[in-house]
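Before any comments, here is the structure.
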Amino acid sequence: MTKVAVWCRHEGDNIIGIGQNIPWNVPSDFKKFARIVSGHNIVVGRPTYETLPPKFDKEKIFVLTSNPEYEVKNPKLHQVITNLKMFKDFAEDLYISGGAGVYQQFMEGGSKLIPEVIVDCIYHGELQQIEGKPVDISPCIEIMHKKYLQVGTEYEEDNVTTRIFIRKGEFVDQSVLKNIIECIIHH
Ligand SMILES: NC(=O)c1ccc[n+]([C@@H]2O[C@H](COP(=O)([O-])OP(=O)(O)OC[C@H]3O[C@@H](n4cnc5c(N)ncnc54)[C@H](OP(=O)(O)O)[C@@H]3O)[C@@H](O)[C@H]2O)c1
2 MTKVAVWCRH EGDNIIGIGQ NIPWNVPSDF KKFARIVSGH NIVVGRPTYE TLPPKFDKEK
62 IFVLTSNPEY EVKNPKLHQV ITNLKMFKDF AEDLYISGGA GVYQQFMEGG SKLIPEVIVD
122 CIYHGELQQI EGKPVDISPC IEIMHKKYLQ VGTEYEEDNV TTRIFIRKGE FVDQSVLKNI
182 IECIIHH
């Protein structure tokens with residue numbers, strides 16, 4: 002089934018976070034992210050999970066952590082995963098939603114983990130000055146430029162450009178692409 006990575010990075014330096022936070026506030030971009038991933042299987046790293054707003058409590062989320070005792074917010078829908086390899090033979094669509102460590106492991110994880118589709122959002126504005134270590138996804142962007150082709154048009158909204166990339170030589174389920182495009186243009 003289809004694996005989709007969805008991220009929003011800062012133009013130029015590919016920063017996606019500082020410390021635990023995303024250093025910009027573009028509500029339309031976050032809403033678009035929520036529309037794309039909602040109702041699907043979502044996978045996030047534990048720090049990213051802890052920053053998700055309460056509306057995500059109702060989504061099906063896989064939380065990657067090395068701590069098997071980690072307590073999720075909604076045990077009916079959220080599941081702790083301690084071994085990323087379990088996604089190699091995952092039978093359903095999967096929306097890879099960060100952060101940097103998680104994106105990178107999927108992008109570098111070989112043919113059974115690398116996403117078929119990337120929703121690449123680029124924020125063109127200024128970064129907020131917040132305390133913490135910048136987190137960037139430059140290694141993922143290098144792989145994206147080598148192994149993927151951009152499809153369709155670019156979408157601009159509130160200083161964010163959204164583009165869709167497909168892995169070269171990959172057959173992609175058209176219904177997945179259609180859903181993503183509808184989520185991008187319907188606001
Ligand atoms: N702009 C965007 O689109 C976007 C999207 C998402 C996140 N972010 C930002 O990204 C930053 C967080 O990124 P990050 O790289 O620091 O953290 P992360 O990718 O969210 O999570 C890393 C953590 O996930 C767990 N983990 C990862 N791989 C694992 C594996 N193979 N097996 C078991 N556990 C695994 C570990 O948790 P334990 O420590 O519990 O073992 C690890 O410390 C934040 O600033 C966040 O705001 C930005």
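Here this note's numbering is used: the sequence shown runs in plain steps of one and ends on residue 188.
C-beta atoms are modelled at their ideal positions from N, C-alpha and C, and glycine is treated no differently.
| query | result |
| --- | --- |
| Alpha-carbon spacing of H11 relative to M2, whole angstroms | 29 Å |
| Residue interval of the beta strand (DSSP E) (run including E155) | 149-158 |
| Reduced DSSP secondary structure (H/G/I, E/B, other) of K86 | helix |
| DSSP-derived helix/strand/coil call for D94 | coil |
| The stretch 21-32 touching the stretch 151-169, judged by at least three CB pairs closer than 8 Å | yes |
| Beta bridge counterpart(s) of H11 as assigned by DSSP | Y124 |
| I17: first and last residue of the uninterrupted alpha helix (DSSP H) it sits in | No alpha helix (DSSP H) contains I17, which is instead part of the beta strand (DSSP E) from 16-19. |
| Beta carbon of Y104 nearer than 8 Å to that of W8 | yes |
| Buried/exposed call for G100, threshold 16 Cβ in 10 Å | buried |
| Cβ-Cβ separation, Q21 to P48 (assumed contact under 8 Å), whole Å | 6 Å |
| 6 Å Cβ shell around Q151 - same chain, five flanking residues per side excluded | R164, F166 |
| Contact under 8 Å by Cβ, V136 with I16 | yes |
| K4, buried or exposed, once every other Cβ within 10 Å from all chains shown has been counted against 16 | buried |
| Rounded C-alpha distance that separates K113 from H187 | 31 Å |
| The stretch 56-67 touching the stretch 76-96, judged by at least three CB pairs closer than 8 Å | yes |
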